[in-house]
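Just remember that my numbering sits 16 ahead of the position in the sequence shown, which is counted from 1.
Just so it is clear, CB atoms sit at the ideal spot from N, CA and C, and this is done for glycine as well.
Only a predicted model underlies this, so the values are computations on that prediction, with no experimental measurement involved.
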Amino acid sequence: MSGMNTPESTEPGNADHAHTIRNGEDWIDVDGHPIEAHDGGVSRFDGIWHWYGTSYVNTPGGEYGAKAARLNPGINVYTSSDLARWKHAGIALAYPESGWGAEGTIGRAHVIFNAGTRQYVMWCFHYATAYPDVMATVSVADAPTGPFRILGPRATGAPPATWRSGGPAGSAQDLNVFRDDDGAAYLVYDDGSRNIRVDHLTDDYLDCTGESVVALEAVHEAPAMIRFRDRYVVAGSGVAGWGPTETHGAVAKSPMGPYGPKHCMTEQKTWGSQITAFFHVSESDNVVCMCDQWWIPDRKNLNRSRYLWLPLHVDPGTDTARLSYRDAWDPFHKAISH
C-alpha cells in the first residue's frame, strides 16, 4: 500500500514494542530532547520510519521569508522502528550558503524514493524574500537522512491565472508529495488561489508533467494525499494563519480524479490543529493523519507546538473520509481505519 514510500520492510511489528501514540503531551526523542519536526511528513524506507519537519527553535514567533532566512537550521529528520520512539538523525536539508534557497525559508518537507534513479527526492516550499513569492522546490539525496542537495524551483501545472508569485515557476504554497503503488508520484499543493491541486510528476519525480487537476476548490492549504485500498483521499485545512480550522477532504477512484464532493472530516477545528500529512501502516492497514497543534502549549513559542496523530477512516460506500480523536492509540492495531 502506498504512503510508505518504498523500499520497505513488510515484516510485522514486534509485539513487545510499545507502539502507543499519546496525544496531548510533549513528544520527546530518545535522547530526552523535544522533537522538532513541524509541518512535515513520515516516510518508511527499508523498514525504518523517517519523520521530516521544520524546526522553529530560532524563530519562536513563526517568522518566515528574508527576516528568518538565517535563523532556521533547516529540515530535521528523525528515525524510528515503532512510531513511538524517535531518534534525531540530523539535519536532512541545511540552508545553502549561496544560490537558490539561501535568501528565503523552506518548509512542508516530504520525501519519496525513486526506484529508477535510486535517489531520495524531497519536495518542499521555498518562501522567498517577500510574500507571496512561495514556490515548489525539489532536492535529492543518496540516503534518506541526507544530506539533500537543492536542485531549485519547479513549475507546476497550475494555470498562470492562479499564480500569486512573480517568479517564473508560478506559485505553490503549502505542498505534499505522494507515491502510488505503481511507482507513479504526485505533487499536491495550494496553487496560490487556495485550490488544492494534484499534479502528475515525471518518472524521476523531479518535475511536474503539466497534467493537473483540482481536488479541493478554494479556500484551503496544508494539503495531504493518501491511497487507502482502492480510494484516494486528498485533504486540506482552512486558511487561518497559525490558527486551527476544520479539515475538508474529497475522495476519488483515481489519483487524477475526478474527485467527489468536498466534505468536512473533523470536529472542534480538527481538535485545535492543522493537518500536515498522511502515512500508511502496512502491518495493520491503518492510515495515520499527522497534524500540528500550533502554539499549544506555549503561545509565545511556536517550536513547542505539539503534534496530533489520528486514525483516518474511509467509507467506500459513500466515498467520504473522516478523522476520529483518540487520546492514545496503537497504529499497529488492526482494523482502526476500516
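Distances from the CA of R165 to each of I107, R195, G208 and T172 were compared; the closest alpha carbon is that of I107. Going by DSSP, K103 is part of the beta strand (DSSP E) stretching over K103 to L109.
By the neighbour-count criterion, in which 16 or more other beta carbons inside 10 Å mark a residue as buried, T336 falls on the buried side. Within the model, the alpha-carbon separation for R101 versus T36 is close to 10 Å.
Within the stretch 188-246, the complete beta strand (DSSP E) runs of at least 3 residues fall at 191-195, 201-206, 212-217, 224-232 and 237-244. Annotation for A144: G120 place their beta carbon closer than 6 Å to its own, counting only its chain and skipping 5 residues before and after. Bounds of the beta strand (DSSP E) holding G57 are H54 to F61. With fewer than three CB-CB distances shorter than 8 Å, the stretch 109-119 does not count as touching the stretch 326-335. Judged by their CB atoms, M241 and V250 are nearer to each other than the 8 Å cut-off. In the pairwise beta carbon analysis, the stretch 297-311 is classified as not touching the stretch 208-228: fewer than three pairs are separated by under 8 Å. Looking from the CA of Y80, the closest CA among W258, P175 and N130 belongs to W258. The Cβ neighbour count for H236, taken over all protein chains shown within 10 Å, is at least 16; the residue is labelled buried.
Sequence-distant Cβ neighbours of I352 in its own chain, meaning closer than 6 Å and more than five residues away, are N302 and P327. Taken through DSSP and simplified to helix, strand or coil, P347 comes out as coil. For the pair of segments examined, the stretch 117-134 was found to touch the stretch 185-205: the number of CB pairs separated by less than 8 Å reaches three.
By the criterion of a C-beta distance shorter than 6 Å, G226 is surrounded in its chain by G173, once the five residues flanking it on both sides are discounted.
Of all C-beta pairs linking the stretch 65-75 to the stretch 86-106, three or more are shorter than 8 Å, placing the two stretches in contact. Here C280 is exposed, its C-beta having fewer than 16 other C-beta atoms within 10 Å. H54 is not a Cβ neighbour of S253, given a cutoff of 8 Å. P76 carries a coil assignment under DSSP once its states are collapsed to helix, strand and coil. The criterion of a C-beta distance shorter than 8 Å is not satisfied by A256 and G56. Rounded to whole angstroms, the Cβ separation of L217 and A201 is 4 Å, and the two are in contact under 8 Å. Short of 6 Å from the beta carbon of Y136, and not among the five residues preceding or following it, lie these beta carbons of its own chain, in chain order: V127, F129, A157 and P160.
DSSP, reduced to helix, strand and coil, places P112 outside both helices and strands of the structure shown, so it counts as coil. Only residues of its own chain outside the window of five on either side were considered, and among them G132 have a CB closer than 7 Å to the CB of D219, listed in chain order.
According to the DSSP assignment, W287 belongs to no beta strand (DSSP E) but to the alpha helix (DSSP H) extending over Q284 to G288. Among the bridge pairs identified by DSSP, H126 is matched with W139. Beta bridge pairing from DSSP links F295 with V304. Residue S59 holds the alpha-carbon nearest to the alpha-carbon of Y94 among R124, W116 and S59. Y275 and K269 have their C-alpha atoms some 8 Å from each other.
The alpha-carbon separation between G63 and C305 amounts to approximately 19 Å.
Here the alpha carbon of H264 sits roughly 11 Å from the alpha carbon of A238.
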